[in-house]
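Undergrad: Just passing along the structure, written as structure tokens.
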Amino acid sequence: MKAVQDSKEGGVSSARVVAFPLWRRADEVARAARALAALGDLDARDTYRHRLAARFFAELDTFGLSEVDQDEEVGAFFYEVELALEDLFGEALRDVTTGMA
């Protein structure tokens, strides 16, 4: 977990714990993108996403995060996966159009 401390006026301070830091999940984002890219069937991709999301929701629930916070964290993860997929397919498209690997 990562803690971020915010200070407020009047000497009151609060801390926010980031239970699901994406910077610690970069390898998992890349693995998920590669797995999704390898699956040719839409149903298989949906099943993979649902299983992964269910695992993350269960993990975040053990931390006591609200459903809203869980949705935000899991959504951010899958947003990063979509960006990774764009990178994968962008590289593949460049390789095909330029003839260079």
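Counting from 29, one number per residue, gives the positions in the sequence shown under our numbering.
Built from N, CA and C at the ideal position, the CB exists for glycine as well.
What you are looking at is a predicted structure, and each value in this text was computed from that prediction instead of being measured.
Since Ala61 and Leu93 are thought to touch, with beta carbons under 8 Å apart, how far apart are those beta carbons, to the nearest angstrom?
TA: Locating residue 61 in the sequence shown gives position 33, counting from the first residue. Locating residue 93 in the sequence shown gives position 65, counting from the first residue. Their Cβ separation, rounded to whole angstroms, is 24 Å, which puts Ala61 and Leu93 out of contact at 8 Å.
Undergrad: Once DSSP output is grouped into helix, strand and coil, what is the label at Gly68?
TA: Mapped onto the sequence shown, residue 68 falls at position 40. The answer is coil: DSSP assigns Gly68 none of H, G, I, E or B.
Undergrad: Does the beta-carbon distance from Glu101 to Leu116 come in below 7 Å?
TA: For this step, residue 101 is matched to residue 73 along the sequence shown. For this step, residue 116 is matched to residue 88 along the sequence shown. Against a cut-off of 7 Å, the Cβ pair of Leu116 and Glu101 comes out as no contact.
Undergrad: Quick check: Leu67 and Arg59, are their CB atoms within less than 7 Å of each other?
TA: Within the sequence shown, the letter at position 39 stands for residue 67. Within the sequence shown, the letter at position 31 stands for residue 59. No, these two residues do not count as a Cβ contact at 7 Å.
Undergrad: When you compare each of Arg52, Ala65, Val57 and Thr90 to Gly118 by their alpha carbons, which one comes out closest?
TA: Reading the sequence shown from its first residue, position 90 is the one you call residue 118. Of the candidates Arg52, Ala65, Val57 and Thr90, the one whose C-alpha sits nearest the C-alpha of Gly118 is Ala65.
Undergrad: With DSSP run on the structure shown, which of helix, strand or coil describes Phe91?
TA: For this step, residue 91 is matched to residue 63 along the sequence shown. Correct three-state label for Phe91: coil.
Undergrad: Taking C-alpha atoms, which residue in Phe85, Val57 and Phe91 lies nearest to Val109?
TA: Taking the first residue of the sequence shown as 1, we reach residue 109 at position 81. Nearest of Phe85, Val57 and Phe91 to Val109, Cα basis: Val57.
Undergrad: Short check: CB of Phe106 to CB of Gln98, under 7 Å?
TA: Taking the sequence shown and counting its residues from 1, the one referred to as residue 106 is at position 78. Taking the sequence shown and counting its residues from 1, the one referred to as residue 98 is at position 70. Not a contact, by the Cβ cut-off of 7 Å.
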